[in-house]
Structure formats: structure tokens, C-alpha cells
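Anchor point for the sequence shown: position 244 equals 244 in the working numbering, and the numbering is continuous, going up by one each time. Ideal Cβ positions, reconstructed from N, Cα and C, are used throughout, including at glycine. None of these values were measured; they are calculated from a predicted model.
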Amino acid sequence: MRRKKMPAWVPKITVFFAALFAILFFLQRLLMPKYMTDIVEGALTAEYYEETTNHEVLFVGDCEVYENFSPITLYQEYGISSYIRGSAQQLAWQSYYMLEDTLRYETPKVVVFNVLALKYDEPQSEAYNRMTLDGMRFSRTKIDAVKASMTKNENLLDYLFPILRYHSRWPELSAEDFQYLFHRDKISHNGYYMRVDVRPTEGFPEPDILADYTLGSYAMGYLDRMRELCEANNIALVLVKSPSLYPNWYDEWDAQIAAYAGEYGLDYFNYEKLAETVGIDYQTDTYDAGLHLNLAGAEKLTGYLGKYLKEAYQLTDYRYDPDYQSAYAKKIRFYEEMEAAQREELREYGEIRSFYNVKQRRKSMKSRKGMLAAALLTVVLCIAGCGSPDKEGTSGEVSSGGGYSFTSGSTKIEMGKDASKIVESLGDADDYFESESCAFEGLDKVYSYPGFKLNTYPKDGKDYVLSVVFMDDTVSTEEGVSIGSTKDEVTKAYGDASEESASKLVYEDGDTKMTIGLNGDSVSSLEISAVVEE
Numbered sequence: 001m002r003r004k005k006m007p008a009w010v011p012k013i014t015v016f017f018a019a020l021f022a023i024l025f026f027l028q029r030l031l032m033p034k035y036m037t038d039i040v041e042g043a044l045t046a047e048y049y050e051e052t053t054n055h056e057v058l059f060v061g062d063c064e065v066y067e068n069f070s071p072i073t074l075y076q077e078y079g080i081s082s083y084i085r086g087s088a089q090q091l092a093w094q095s096y097y098m099l100e101d102t103l104r105y106e107t108p109k110v111v112v113f114n115v116l117a118l119k120y121d122e123p124q125s126e127a128y129n130r131m132t133l134d135g136m137r138f139s140r141t142k143i144d145a146v147k148a149s150m151t152k153n154e155n156l157l158d159y160l161f162p163i164l165r166y167h168s169r170w171p172e173l174s175a176e177d178f179q180y181l182f183h184r185d186k187i188s189h190n191g192y193y194m195r196v197d198v199r200p201t202e203g204f205p206e207p208d209i210l211a212d213y214t215l216g217s218y219a220m221g222y223l224d225r226m227r228e229l230c231e232a233n234n235i236a237l238v239l240v241k242s243p244s245l246y247p248n249w250y251d252e253w254d255a256q257i258a259a260y261a262g263e264y265g266l267d268y269f270n271y272e273k274l275a276e277t278v279g280i281d282y283q284t285d286t287y288d289a290g291l292h293l294n295l296a297g298a299e300k301l302t303g304y305l306g307k308y309l310k311e312a313y314q315l316t317d318y319r320y321d322p323d324y325q326s327a328y329a330k331k332i333r334f335y336e337e338m339e340a341a342q343r344e345e346l347r348e349y350g351e352i353r354s355f356y357n358v359k360q361r362r363k364s365m366k367s368r369k370g371m372l373a374a375a376l377l378t379v380v381l382c383i384a385g386c387g388s389p390d391k392e393g394t395s396g397e398v399s400s401g402g403g404y405s406f407t408s409g410s411t412k413i414e415m416g417k418d419a420s421k422i423v424e425s426l427g428d429a430d431d432y433f434e435s436e437s438c439a440f441e442g443l444d445k446v447y448s449y450p451g452f453k454l455n456t457y458p459k460d461g462k463d464y465v466l467s468v469v470f471m472d473d474t475v476s477t478e479e480g481v482s483i484g485s486t487k488d489e490v491t492k493a494y495g496d497a498s499e500e501s502a503s504k505l506v507y508e509d510g511d512t513k514m515t516i517g518l519n520g521d522s523v524s525s526l527e528i529s530a531v532v533e534e
């Protein structure tokens, strides 16, 4: 029996779809942020998959793990093989899914989780989400992590097919996008972000008065899931709070974690309280005035924790394993080279200008190559129907359409708006504090004025109003509500809340939010904020 001849159109349509797939794959690789010379924290997640050795200790958490602990030090001093699966503002559920993802490849003996992220009980920001999740390999775990993390304006398909999210990024293309199209330079040391510079502590704003000091059920629920996952895999879970002077870790939060650890027989170490015992000196061991440790501080803290881990959990000394000796010889050489390069930049420029190589310089200007590619991509994307660049939000402002605002004297402060003229109009602040932003290139800033604090965030070289926090009863909202007002006065002024509990009322208007804390029937705290999701 003679076989039927394949229709002539089949090979053609196959070639067409193969070519289309290749073009879309290329465009997606090109348009996605590379995180090589700016906001390098976004490259941390993907680096884990390049590992060739197993790890008996796994760290999960936010910047208080990937900036404060050194796996190279753990190996050099104790022979412990470890890795940090941390990322900027890594939320509790993201840490859980990082652990779940890791178990697809290996099973550590100990998991160390930094508890600061438990302060957040809901998704926070697409920018932080992207830095954590885009680098994860595709799996059911990644899908679950995305679903748990998405803010209200995000969708799952944008994470599964990033070209849908980044198709309008072509005007921003630079030489970096072509240089790192199919490869990335290594920027971390088993997940550790190195900084050797020193910036002594200079003081911090007064801690905010919170509406409710109870750690949220969503975040704590994921801590439960992390504990249960560790128990099911015979892994010891250790809770830590890294030493830091800001943001504030409240005593009420500390007591809840200590009680939780006691209930389930977990180790919990609050290194804020143990900083002096560890030997941390905030005049020499921090690179950003007390928020995170520099290399000297990280090595001190790591040595202190490593001694306990080695004794308590019978960890293997891999310094005598030939395979690990070979792998770590390369890691140590890279570690020492980066330290030397950063110190050389400090001597030459007075600052660390590039992250991992003294010869590399940040490329903020678009190259001719990038501009030519942008022009070509305009044609390709128009043909593909991807559309033109999004106009909304490109300035960095939140389009609140009014929303909640606050007036001090003759100065109206609108959330999400350009902060420069507002700060100028308010005059000299009683106190000022700044810290490097993890999600954006620039500084998060806090201005303290009589009765309130103004918080700003950076984007595209400008500062925007993030929030106004009331500090006492000398200031009030546009409708006359202040700290000390009654709940009835609040509901008379604003009506029914979008979210209500015994200790908190939350009102939403456009891209702004007002959070009112209650102590019985009286207002105990008040914050007006922008809803910033990009």
C-alpha cells in the first residue's frame, strides 16, 4: 500500500512556525532586563542553576541574607558547603517556593530563613517580584510562586512569556542588552553580594507607629508551610534576624517569632540583640550606614553562625573532599579577585563604580548599536502587532486620578507625584535619612517634619512621593482625621473601609491607600501611601 504524500504546505508551515518561535525567543532574550551593571540583585536567582556541588546549608530570604552571610567564609572556616537563594525584598511565600524549587535538585540538612520578610502580608511590587521570579526555571513551583506574588495589575502569562511584559522596552536598549544576550557574568559568591566599602551609621528616623503589630496570617502561613516542608524532608529549620539598625524590627514582632520557635522547637537567633557579642561594629562593618553589612561584617557574622551550625547539626567538612576542593578553589579565587577589584576602585575613585570588575563601567547612555537595534525592532514589533511603548507610568509617577493627599501649610502632598518641588516647598526637614534602593537605581529617602514623615522612592533619576506617615496629633487629613480621632469620626469622614479589622481600617482611592490603626475606638496610627506596583 502506497503512503500518502505529505501535503506541500506542511513543511512550509513547520518552517514558518519554527522561524517565528526563533524570532520571538531572540526578542524576548534581548528585551528582558539583564541586571549586569545596574540593579545586579536581579541576577541572583538564576545563578543557582549553574552550581556543580550540593549544599548542606541553604539560606532563603531578603537582602538581610544575601548581603550579610558569606558561604565562602563558611567553607574556608568550617568546610560547610552552602548557598544563598535570596533576592531583594524576597517575601515569605517566595522564600518558601525558593526552598521548594531547591528540593527539585538537592536536599540540604539545614535551612536558614531570615524573618524580616514576615512584616509583609501581601504582594508588594512588580519590580521586586521580577527580580526574584524571572530568574527561576520554569516549573510548577514557579507558577505557584508567581500566583502567590502577583499584585492586582499583574497576570501569569506575563511571567510565563516575558516578551508580553517587556515588548515596549526597546527604546531603553543599550550595549549591555547585546553583550549579555546569551550569557551572564557571575556577580555573586554562592548567592552572596559583596561590598567592601564602609559607611558608618549616622542615625535613623523614629520608628513608625503601626496600625497592628501582629504578623500577618498569610506570611505566617507560609512560615508554617516552610517548617512542614523541612520536617517532611528531615531538614532542620533555623530562624534568624540579621543585625540591622533599619528598617525597625519591633519588639512585638520579635516576641511572636520567639514564641513560634519555642512552640515548634526551632532555633531562633536575633542578631540585632547579639550584634555586640558577634563583634559587629556599625562604624566599620556596614557599607550603607547600618542597613546591611559589608564584607568585614558579613565574615564576622558568618563565622559566628557557622561555629554553631557545625556543632549543632554535624555538618560535613568538605575541605577534605577532592571534588569540593576543586570547585571551591575557583570560588575562592573569584571571591578574592572581586574583593581586590572593589578595593582598587575605592582607592582610585572613592567609591565602587562597577560591581564585579574594575575594568567594567556602567553604561547609562544608549550605544549607537542599541539605538540602531531599537529602530529595527520598531519595525519588527509593529509587524508582529506587539504595539508601541506604553506611555503610562514612563515618567515614574503614579496616575492616581486624585486619591488621598495631605496638606502641610500651603504645600499639598500628592502620593506618587514628583517629590522635588514638594520637598523644596516644605523647607528644611528636621531630620533626613537615605538608603540605597534595591528595586530602582537611586536612593529611598525619608524627610522628617513636625508631626509627619515624608517617604520617597527613586525612578528614572527622579524622586516620587511614596507615603506620608503621621507621627502625632498635631497634623490631620484633609477631612480632619488625626491620631486620637474616634472610629466614628473616621467613618463619618470616609464611609465604609475597603478592609476592616479590630485594629485597622484601610481605605483605597485610585492608586492611593490610607491605613488607619485603631487602639480600641481611637486612631493610633495613620499613613497615606501610593500604590506602587512597578
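Q: Can you grab the Cα-Cα spacing for the pair SER82 / ALA18, in whole Å?
A: 41 Å
Q) Rounded to a whole number of angstroms, what is the C-alpha to C-alpha distance between THR491 and LYS513? A) 15 Å
Q) Measuring CA to CA, which of TYR192, GLU337, ALA259, GLY409 is closest to PHE59? A) TYR192
Q) To which residues of the same chain is THR45 closer than 7 Å at the C-beta, ignoring the five residues directly before and after it? A) SER87, THR132, GLY135, MET136
(Q) Please report the distance separating the alpha-carbon of PRO162 from that of TYR49. (A) 19 Å
Q) Ordered along the chain, which non-local residues of its own chain (more than five positions away) have a Cβ less than 7 Å from that of SER364? A) Summary for SER364: the model assigns pLDDT 36, below 50, so the residue's position carries little reliability; its value from the coordinates is reported in the next sentence. So no residue of the chain qualifies.
Q.
Considering just the uninterrupted stretch of the alpha helix (DSSP H) at ASP535, what are its terminal residues?
A. Since the first residue shown for the chain is 1 and the last is 534, residue 535 is missing from the structure and cannot be characterised.
Q: Pair every Cβ in the stretch 473-485 with every Cβ in the stretch 450-465, then say whether three or more of these pairs are closer than 8 Å.
A: yes
Q | LEU245 in three-state terms, based on DSSP | A | coil
Q | Buried versus exposed, by CB contacts within 10 Å (16 or more), ARG347 | A | exposed
(Q) Is THR474 close to the ligand ZN? I mean its beta-carbon at under 8 Å from any heavy atom of the ligand. (A) Of the ligands one can find in the structure shown there are none, so the ligand ZN has no counterpart to examine.
Q | Distance CB(GLY290)-CB(TYR246) smaller than 9 Å | A | yes
**Q.** Runs of alpha helix (DSSP H) wholly within the stretch 89-149 (minimum 4 residues, chain order)
**A.** 92-102, 126-133, 140-149
Q. In the DSSP assignment, what residue or residues form a beta bridge with ASP509?
A. THR512
(Q) Any contact between the stretch 458-467 and the stretch 478-488? By contact I mean 3 or more CB pairs, one from each, below 8 Å. (A) no
Q. If we ignore side chains and look at the alpha-carbon of each, how far apart do ALA255 and VAL111 end up?
A. 21 Å
Q: Helix, strand or coil for LEU160, going by three-state DSSP, please let me know.
A: helix
Q) Rounded to a whole number of angstroms, what is the C-alpha to C-alpha distance between ASP208 and VAL469? A) 7 Å
Q: Tell me whether ALA312 is buried or exposed, calling it buried when 16 or more other Cβ atoms sit within 10 Å of its Cβ.
A: exposed
**Q.** Range covered by the alpha helix (DSSP H) that runs through TYR328
**A.** 322-349
Q. Along the chain, where does the alpha helix (DSSP H) that runs through ILE13 open and close?
A. 9-31
Q: Report yes or no: do the stretch 68-84 and the stretch 119-128 share at least 3 C-beta pairs separated by less than 8 Å?
A: no
**Q.** Which residues DSSP lists as bridging ASP463, in chain order
**A.** PRO458
(Q) Given a cut-off of 9 Å on the beta-carbon distance, is the pair THR316 and GLY42 in contact? (A) no
Q: In the DSSP assignment, find the alpha helix (DSSP H) that holds ILE257 and state where it starts and stops.
A: 251-264
(Q) Rounding to the nearest angstrom, what Cα-Cα distance links LYS142 and LEU157 in this structure? (A) 12 Å
Q: Could you tell me which of ALA429, SER522, TYR35, VAL196 sits nearest to TYR180, measuring between CA atoms?
A: TYR35
(Q) Using only the alpha-carbon positions, how far apart do ALA573 and TYR318 sit? (A) Lying before the first or after the last residue shown, residue 573 is absent from the chain, which here runs from 1 to 534.
**Q.** Where ASP224 falls: helix, strand or coil (DSSP)
**A.** helix
Q. Which of the three DSSP states, helix, strand or coil, is assigned to LEU309?
A. helix
(Q) As a quick exercise: from SER244, MET226, ALA232, pick the residue whose alpha carbon is nearest that of VAL238. (A) MET226
Q. Which stretch, first to last residue, makes up the beta strand (DSSP E) that contains PHE182?
A. No beta strand (DSSP E) contains PHE182, which DSSP labels as neither H nor E.
Q: Please confirm whether PHE334 and LEU305 have their CB atoms less than 9 Å apart.
A: no
**Q.** Short Cβ contact (9 Å threshold) for GLU479 with ALA502
**A.** no
**Q.** Residue range of the alpha helix (DSSP H) that includes VAL446
**A.** No alpha helix (DSSP H) contains VAL446, which is instead part of the beta strand (DSSP E) from 443-449.
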